[in-house]
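A.B. asks:
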Amino acid sequence: MKIIIAGAYAIGTHLAKLLSRSNNDTVLIDENEGRLADISGDYDLMTYLASPASFNTLKEAGAHGADLFIAVTPDQHLNITSCMMAHSLGAKKTVARIDDSDFLYEKNAAFFKQMGIDSLIYPEDLAANDICKGLKMSWVRQRWDVHNSSLVMLGIKMRESAEILNMPLKELSKPETPYYVVAVKRGDETIIPRGDDVLKLHDMVFFMTKRDTISYVRKIVGKEHYVDVKNVMVMGGGITAVRAMAKLPEYMNAKIIEMDEARCEELNELIDNKHVMVINGDGRDLALLRDEGIGNTQAFVALTSNAETNILACLTAKRMGVRKTVAVVENMDYVSTAESLDIGTIVNKKALAASHIYQMMLDEDVSVSNVKFFTTANADVAEFTAHQGSKVTRKRVSELGLPQGAAIGGLVRNGVGHLVSGGTQIETGDVVVVFCHNISMAKIEKFFKC
């Protein structure tokens, strides 16, 4: 697959790294030699020093034969223009990063499609969705809904109160067990567990379960005493905060603490939510946090542009009694550090954008959908539809010979979610959930092709 990325900034370089590991023919275009030099030597891709707004550049980079053209520079106008040009040259699909929320309205989709832009990425909006989804379940680090919530994947940190610690999974997994352990993140290692493996204290465990048995999982992991989130404190009043407040559930109240007085006035104009209060101050000021009621706050969200500040603020909030903390961490090098410090939910806009684009780059004939990249586990999860005659329908799950690092977590048949076991027989039309760690999804695609 030929993929061209315009913009060697944070999102572009992260995408280039992810896509190059999948044996794609990847080209990265940027006008800055230094940015290209930082990535070109370590990954299997071609770099091109030029402007993506030049027809000659796009022709020489091979836009006429591109399966996917991705424009992710900080300039949305440049992204839109270069996508239009790439489309006119013959690129099959184009994706543009934007920073104007008005472009996302459904009524505008046909307009952009006519211009040659197949998809728009607004990382701040993706992050806001992730944050609000996380706030709805205070005891869960990560949640991913499969096929209209027929199945749900939950990432949960194991504490002393969990009743399933230090027991072999083969003893926990019985025919009537309403969950399946898909993967375990232990320290820096991601494990696809087997029957003899056990869950240990501080493991991040990824469970697949059904929506109506989430309460059972909550009980066995010892999180029933976690109170639901009603009051949220947000540090930083940037775009992500504005988007998150627009999506905040109606039953939640929020306070945004922003240092810049002028920005506070803007926030009061931008946020149309009577349950949100804007406060001018420093979110690192402990006295201010106490005065504003952090003792009665169930969730603290750090959204400044500085990863270190966000991590330290969440640590402080935890020490002040806040159970649920969320930190935006844009520097990928800090993600594992934040996880080791037990920060809570970590949001990375680059990874979220990558998940969105992954879905576009996968083979359409296999009907891959709903792709999610779990930053903390360095793993992808996606829904694959089993086609008639495909390899995955010919044998039981235990006999498929899936590559190391892959696990089938569940399937949806006729709209009903089912957990899987080694004896499960996948049928034509089943929507199958596959967890992939350190392997290309292209290797999984082969099992679903006719």
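Each number in this note's numbering corresponds to the 1-based position in the sequence shown with 747 added.
Every residue, glycine too, gets a C-beta built ideally from N, C-alpha and C.
#1: Pick from I750, K854, M793 and Y869: whose alpha carbon is nearest that of G812?
#2: I'd like the ranges of any alpha helix (DSSP H) spanning at least 4 consecutive residues and lying wholly in the segment 872-906.
#3: Which residues in the same chain have their Cβ closer than 6 angstroms to the Cβ of K917, if we skip the five residues on either side of it in sequence?
#4: I need the DSSP call for M1006, collapsed to helix, strand or coil.
#5: Mind checking which residues open and close the beta strand (DSSP E) that includes H1165?
#6: Check whether the segment 952-972 and the segment 888-901 touch, using three or more Cβ-Cβ pairs below 8 angstroms as the test.
#7: Excluding five sequence neighbours on each side, which residues of the same chain lie with their C-beta closer than 6 angstroms to the C-beta of G984?
#8: Measuring straight from C-alpha to C-alpha, what distance separates Y926 and G881?
#9: Closer than 7 angstroms by C-beta to D847: which residues in its own chain qualify, once you throw out the five before and the five after it? Chain order, please.
#10: Beta-carbon separation of A1154 and V929 under 7 angstroms?
#11: When you compare only the Cα positions, how much space is there between I1090 and S1116?
#12: In terms of residue numbering, what span does the beta strand (DSSP E) encompassing V1075 cover?
#13: Identify the continuous beta strand (DSSP E) that holds S1116 and give its terminal residues.
#14: From the DSSP output, which residues share a beta bridge with H1184?
#15: Going by beta carbon distance, what residues of the same chain come within less than 7 angstroms of L919, once the five residues before and after it are set aside?
#16: With DSSP collapsed to three states, give me the class of I1041.
#17: In angstroms, rounded to a whole number, what distance separates the CA positions of F1182 and N1078?
#18: Counting beta carbon pairs with one atom in the segment 1085-1104 and one in the segment 1066-1074, are three or more of them shorter than 8 angstroms?
#19: Can you list, in chain order, the residues of its chain whose CB lies under 8 angstroms from that of I786, leaving out five sequence neighbours each side?
C.D. replies: Per the coordinate set shown:
#1: Along the sequence shown, read from residue 1 onward, the residue named residue 812 stands at position 65. Selected option, being the one with the closest Cα: I750.
#2: Counting only runs that start and end inside the segment 872-906, there is no alpha helix (DSSP H) element of at least 4 residues.
#3: To locate residue 917, count along the sequence shown from 1; it is residue 170. In chain order, G942 place their CB closer than 6 angstroms to the CB of K917, counting only its own chain and leaving out the 5 sequence neighbours on each side.
#4: By 1-based counting over the sequence shown, the position of residue 1006 is 259. DSSP places M1006 in coil when its eight states are reduced to three.
#5: Residue 1165 sits at position 418 when you count from the first residue of the sequence shown. That run of the beta strand (DSSP E) goes V1163 to L1166.
#6: Cβ pair count under 8 angstroms is three or more, so yes.
#7: Locating residue 984 in the sequence shown gives position 237, counting from the first residue. The residues are I1003, E1005, R1010 and L1014.
#8: Position 179 of the sequence shown, counted from the first residue, corresponds to residue 926. Position 134 of the sequence shown, counted from the first residue, corresponds to residue 881. Rounded to whole angstroms, Y926 to G881 spans 20 angstroms at the Cα level.
#9: Position 100 of the sequence shown, counting from 1, holds the residue named residue 847. These residues qualify, in order along the chain: Q823.
#10: Here residue 1154 refers to the residue found at position 407 of the sequence shown. Here residue 929 refers to the residue found at position 182 of the sequence shown. Less than 7 angstroms separates the beta-carbon of A1154 from that of V929.
#11: Within the sequence shown, residue 1090 is the residue found at index 343, counting from 1. Within the sequence shown, residue 1116 is the residue found at index 369, counting from 1. C-alpha separation (whole angstroms): 30 angstroms.
#12: Locating residue 1075 in the sequence shown gives position 328, where the first residue counts as 1. V1075 -> beta strand (DSSP E) spans K1071 to V1075.
#13: Numbered from 1 along the sequence shown, position 369 holds the residue referred to as residue 1116. S1116 -> beta strand (DSSP E) spans V1115 to F1121.
#14: Here residue 1184 corresponds to residue number 437 of the sequence shown, with the count starting at 1. DSSP, once it has assigned bridges, lists A1126 as partnering H1184.
#15: Along the sequence shown, one-based indexing puts residue 919 at 172. Cβ-Cβ distances below 7 angstroms link L919 to I911 in the same chain, with the five nearest sequence neighbours on each side left out; the list follows chain order.
#16: Position 294 of the sequence shown holds residue 1041. Looking at I1041 - three-state DSSP - the assignment turns out to be helix.
#17: By one-based count along the sequence shown, residue 1182 stands at place 435. By one-based count along the sequence shown, residue 1078 stands at place 331. Straight-line Cα distance between these residues: approximately 24 angstroms.
#18: Contact between the segment 1066-1074 and the segment 1085-1104 is present, because at least three Cβ pairs lie under 8 angstroms.
#19: Position 39 of the sequence shown, counting from 1, holds the residue named residue 786. Within the same chain, Cβ atoms closer than 8 angstroms to the Cβ of I786 are found at A755, T760, A763, K764, L775, L792 and T794, the five residues on either side in sequence being excluded.
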